[in-house]
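Here's the structure, in structure tokens; my notes come after.
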Amino acid sequence: MSKAIIKLTYKQIIDSSSKTDFERSILSASYREFLLKSQAYNPGNVLRTFSEMKNNDGRANSLHYKLSFVIGYFIETLKNKIPVLTDTLGNSINFEVPQMELIESDITDINAHKVAINYITSDLLLLNTIGEYLVLSANNGETTFTVKMQDHLAISSYQPVGIATSNKQNVLAA
Amino acid sequence: MERKHFLRSFAIAAAATPMLLDACKKDSADTAIDSTGTTTSADTNAGSSACRVTPTEVEGPYPYPGGELKNPLDRSDITGGQTGVPLVFNLLVVNTNDNCNVVQNARVDIWHCSKDGYYSGYGNQNGKSFVGETFLRGYQTTDAKGAVTFTTVYPGWYQGRATHIHFEIFVSNVLKKTAQFAFPENISDAVHTHYGVGVNTTRNANDGILGNSATDLANETPSLTGSIAAGYTGTYTFGIAL
């Protein structure tokens, strides 16, 4: 296969069933902020859920990033290591950008509060695939490691190395 | 804006002070292991009138690492590394239904764009993305005198809006006021020329949000003193009917 520059995204879903301190902290802080910030999209306090607010006023989608600010300190504690996901040797994998997503919530019930954090890696070189395993290289080939494709893990950016080069040549030729 | 654009926008800065998650764990004082290795419960106090179940409560709003009640945006200096003409706001919150007496413990949220007209926190702004940034956002809680202070830089502008700063004020966790500041145009024009971004093409009077009337516009424009060289200080009193 041809090599490709890829990014991996791992999606960690956090809801009332989550158990770790990190997850509970994210859940609690983001719910508290939801109670405050959702009021701007809930005139008269007649709506309960995030879905209702989005249907009523598309600007409620700004709650995704408005809530993300409040969890910054918790994300820092991860020191850029994706929780849960490891390579086949159990080593952690670094992320570059965390993106928060508010999946659902309810101003009357924290148990309905559900968020996701999408951990996005920096550029990785996809060297090969062996069945459901990806052989990847990072840091300009300094590190090579293997990751198993699994639920909540996706290739979120894919640039075949060869095609990118030929595109460049075409542009130059034109 | 499409949903995918929003989803791309919620990145958070992930580089700074490491903190200990352990500090937030519940302590283990409710059980103890004696010298024989038997676990005993400190809750057991049979025979005492104090023998009752302690009410269970939720774990609290902001159990931040280290135990401090600290939201990253809880800050008076919201500059966050942005450059521009210094701007300090001394703000008061008063209750117009109570002879304009001051309101304590009101949370005042502030956010505005950079000198080049960009907001932190999301992308797709003229092809630029400021995901992972929190600059020019923050909040403070009013003190016993009903006052908060913010240190920032004079905002720039972007297409379609007069120069402005956003505010939200919460009293007892209830949103009581959503407001925007307008700015004296002679000062804005001088500052924006200094920034090299040209004067704002949307004038205060033509803005679709600010100033439904000349009175409104005057009532949402803080008074500023200072200069481009020394920076500006603004004062304003938020009147809220509580």
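Chains as they are written, first to last, in the numbering used here: chain A, 1 to 174; chain B, 1001 to 1242. Ideal Cβ positions, reconstructed from N, Cα and C, are used throughout, including at glycine. Since this is a predicted model, take the numbers as computed values, not measurements.
Alpha carbon of residue i to alpha carbon of residue j, nearest angstrom
| i | j | result |
| --- | --- | --- |
| A/N128 | A/L136 | 7 Å |
| B/N1186 | B/T1149 | 24 Å |
| A/N45 | A/T20 | 32 Å |
| A/D123 | A/T108 | 41 Å |
| B/N1071 | A/D151 | 32 Å |
| B/Q1159 | A/V115 | 33 Å |
| A/I13 | B/Y1195 | 43 Å |
| A/L8 | B/L1217 | 49 Å |
| B/V1197 | B/G1156 | 8 Å |
| B/V1103 | A/L36 | 18 Å |
| A/E132 | A/N140 | 23 Å |
| A/V84 | B/F1181 | 45 Å |
| A/T49 | B/L1210 | 30 Å |
| B/R1075 | A/Y31 | 20 Å |
| B/A1029 | B/R1052 | Any reading at B/A1029 is ruled out, since the residue's pLDDT is 39, under 50, leaving its predicted position unreliable. |
| A/Q39 | A/M149 | 40 Å |
| A/F69 | B/T1201 | 31 Å |
| B/Q1125 | B/F1135 | 15 Å |
| B/E1168 | B/N1219 | 16 Å |
| B/T1235 | B/A1147 | 11 Å |
| B/R1137 | B/D1098 | 30 Å |
| B/R1161 | A/G90 | 51 Å |
| B/L1242 | B/L1175 | 11 Å |
| B/P1065 | A/K79 | Because B/P1065 carries a pLDDT of 43, less than 50, the predicted location of this residue cannot be relied on, and the following value inherits that uncertainty. Near 14 Å, if we compare the C-alpha coordinates of A/K79 and B/P1065. |
| B/K1128 | B/I1078 | 21 Å |
| B/C1100 | A/Q99 | 42 Å |
| B/G1208 | B/T1163 | 12 Å |
| A/A154 | B/L1073 | 32 Å |
| B/S1114 | B/D1189 | 15 Å |
| A/A29 | A/L67 | 9 Å |
| A/I6 | B/T1151 | 41 Å |
| B/I1081 | A/Q159 | Contrary to the premise, residue 1081 of chain B reads as Gly rather than Ile in this sequence. Rounded to the nearest angstrom, the two C-alpha atoms are 34 Å apart. |
| A/S156 | A/S51 | 26 Å |
| B/N1212 | B/S1223 | 19 Å |
| A/E142 | A/L125 | 11 Å |
| A/R24 | B/G1117 | 36 Å |
| B/H1192 | A/S2 | 51 Å |
| B/T1096 | B/H1112 | 26 Å |
| B/T1221 | A/Y10 | 46 Å |
| A/A138 | B/G1231 | 46 Å |
| B/I1240 | B/A1144 | 17 Å |
| B/T1233 | B/L1091 | 11 Å |
| A/F95 | B/T1083 | 29 Å |
Per DSSP, the bridge partner or partners of residue i
| i | result |
| --- | --- |
| B/G1226 | B/Y1232 |
| B/L1092 | B/A1147, B/T1237 |
| B/N1101 | B/N1095 |
| B/L1087 | B/T1152, B/Y1232 |
| A/V147 | A/L134 |
| A/I155 | A/L8 |
| A/S92 | A/T86 |
| A/P160 | A/A4 |
| A/K81 | A/N94 |
| A/P26 | According to the sequence as given, residue 26 of chain A is Ile; it is not Pro. Bridge partners of A/I26: none, in fact. |
| B/D1216 | Bridge partners of B/D1216: none, in fact. |
| B/D1077 | B/T1151 |
| A/I13 | A/A116 |
From the options, residue whose alpha carbon lies closest to that of residue i
| i | options | result |
| --- | --- | --- |
| A/I110 | A/L85, A/P160, A/F34 | A/F34 |
| B/S1172 | B/N1097, B/V1088, B/L1091, B/V1108 | B/V1108 |
| B/F1238 | B/G1123, B/T1178, B/T1193 | B/T1178 |
| B/G1226 | B/G1081, B/G1121, B/L1087 | B/L1087 |
| B/V996 | B/I1228, B/V1103, B/D1189 | Absent from the model: residue 996 of chain B. The displayed extent of chain B is 1001 to 1242, so no value can be given. |
| A/T144 | A/S92, A/G72, A/S62 | A/S92 |
| B/A1205 | B/I1078, B/T1134, B/K1145, B/P1184 | B/P1184 |
| A/I26 | A/L85, A/Y73, A/S2, A/E52 | A/Y73 |
| B/I1165 | B/T1096, B/A1144, B/V1153 | B/V1153 |
| A/S16 | A/K54, A/I103, A/L125 | A/I103 |
| A/S18 | A/K54, A/D87, A/N55, A/H113 | A/H113 |
| A/K54 | A/L134, A/L126, A/D106, A/N118 | A/D106 |
| A/T77 | A/K11, A/G58, A/F22 | A/F22 |
| A/E101 | A/S62, A/L47, A/P43 | A/S62 |
Contact belief for residue i with residue j at Cβ below 8 Å, rounded distance in angstroms
| i | j | result |
| --- | --- | --- |
| A/S161 | A/A4 | Note that residue 161 of chain A corresponds to Val in the displayed sequence, not to Ser. So it is a contact: roughly 6 Å between Cβ atoms. |
| A/I120 | A/V97 | 5 Å |
| A/Y41 | B/Y1122 | The pair is not a contact, with the Cβ atoms about 16 Å apart (cut-off 8 Å). |
| B/F1130 | B/Y1139 | In fact, because the Cβ distance is near 19 Å, the residues do not count as touching under 8 Å. |
| B/T1142 | B/V1093 | 5 Å |
| A/V147 | A/D57 | Going by Cβ atoms, the distance from A/V147 to A/D57 rounds to 40 Å, so no, they are not a contact pair. |
| B/F1170 | B/A1106 | 7 Å |
Per-residue contacts from residue i into chain C (C-beta, under 7 Å)
| i | result |
| --- | --- |
| B/N1071 | The structure shown contains no chain C; its protein chains are A and B. |
Unbroken stretches of the beta strand (DSSP E), 3 residues or longer, contained in the segment 94 to 132 of chain A:
97 to 104, 114 to 120, 124 to 130
Residue ranges of each alpha helix (DSSP H) run of no fewer than 4 residues wholly in the segment 1099 to 1186 of chain B, ordered along the chain?
none
Quick one: which unbroken alpha helix (DSSP H) runs of 4-plus residues sit fully inside the segment 27 to 58 of chain A? Chain order, please.
50 to 56
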